[in-house]
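Numbering (the numbering used here), first residue to last: 1486 to 1742.
Following this line, the structure appears as structure tokens:
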């Protein structure tokens, strides 16, 4: 096993930054996100694994489930990355436990990569997109923080400029209601300041979860909006004008953003 080099090339630094952004990635999802070949990504990741900067996680059960190996930063990789960008102490501390996190948590991280890739494809050069790791330094977001925060690079008249996007995979009603209530309480706390509160986008794993989310938001009289969609409907949309979002006030009419 070779020791890591003191200096990394720009491509390697970018890969480490993306692993910090998403925490866990697979080579195929990373290739799609960067719009490069999987062969090239695999080669780059292999070098970083050999340098002990990145860890490869693969269980025998993955093959049966048709799952790919996943990659994450090692403590050595995190320390190396500190030479290239500021890191949040809480995020670093959490990432030190990468080897022990559950498969469910990893699947959640991979889903975020998939959603980010779709957002960049649907809305090219439209939004700056931040993950939980990147939001950790800001104390004015709700806790737990949204999976993604979207901010338009250029304000657009008649359109909301800021969005908080959450992914709901748990079908238990009290979990769905609790997450929605978190945003209401955060808005009412005034922690966001005087700026217009972001629109909340709820991506639901199943139609049943979306139905329950809409029921909880239907009677709300808030100064901000909730919109829902299923992950499937969102990932299958093919252009930015696709009407894929449901509004509890107008459930029969899907809208775009």
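Built from N, CA and C at the ideal position, the CB exists for glycine as well.
- Here residue 1544 is exposed. Its C-beta has fewer than 16 other C-beta atoms within 10 Å.
- When the alpha-carbon of residue 1497 is set against those of 1534, 1517, 1511, the nearest one is in 1534.
- With respect to the 8 Å criterion, residue 1557 and residue 1509 are classified as neighbours on the basis of their beta carbons.
- Three or more beta-carbon pairs separated by less than 8 Å link the segment 1622–1642 to the segment 1664–1677, which places the two stretches in contact.
- For the pair of segments examined, the segment 1593–1601 was found to touch the segment 1512–1532: the number of CB pairs separated by less than 8 Å reaches three.
- Taken through DSSP and simplified to helix, strand or coil, residue 1507 comes out as helix.
- In the DSSP assignment, residue 1612 falls within the beta strand (DSSP E) that extends over 1612–1616.
- DSSP, reduced to helix, strand and coil, places residue 1559 outside both helices and strands of the structure shown, so it counts as coil.
- Residues 1573 of the same chain have their beta carbon placed closer than 7 Å to that of residue 1622, with the five preceding and five following residues left out of the count.
- Collapsing the DSSP output to three states places residue 1725 in coil.
- Non-local beta-carbon contacts of residue 1619 in its own chain, meaning distances under 7 Å to residues more than five positions away in sequence, involve 1506 in chain order.
- Here DSSP, grouped into helix, strand and coil, assigns residue 1574 to helix.
- The beta carbons of residue 1530 and residue 1512 sit about 6 Å from each other, so the pair counts as a contact at 8 Å.
- If you ignore the 5 residues before and after residue 1690, its C-beta comes within less than 7 Å of the C-beta of 1653, 1654, 1716, all in its own chain and listed in chain order.
- Residue pairing from DSSP places residue 1689 in a beta bridge opposite 1653, 1715.
- Close CB contacts of residue 1547 within its chain, under the 8 Å cut and outside five residues either way in sequence, are with 1553, 1554 (chain order).
- Counting along the chain, the unbroken alpha helix (DSSP H) around residue 1607 starts and ends at 1588–1607.
- Per the coordinates, the alpha-carbon of residue 1713 lies some 20 Å from the alpha-carbon of residue 1594.
- In the DSSP assignment, residue 1540 falls within the beta strand (DSSP E) that extends over 1539–1542.
- Contact between residue 1722 and residue 1650 does not hold, since the beta-carbon distance rounds to 14 Å and is not under 8 Å.
- The segment 1697–1706 and the segment 1728–1737 touch, with three or more beta-carbon pairs separated by less than 8 Å.
- Residue 1570 and residue 1614 have their C-alpha atoms spaced approximately 17 Å apart.
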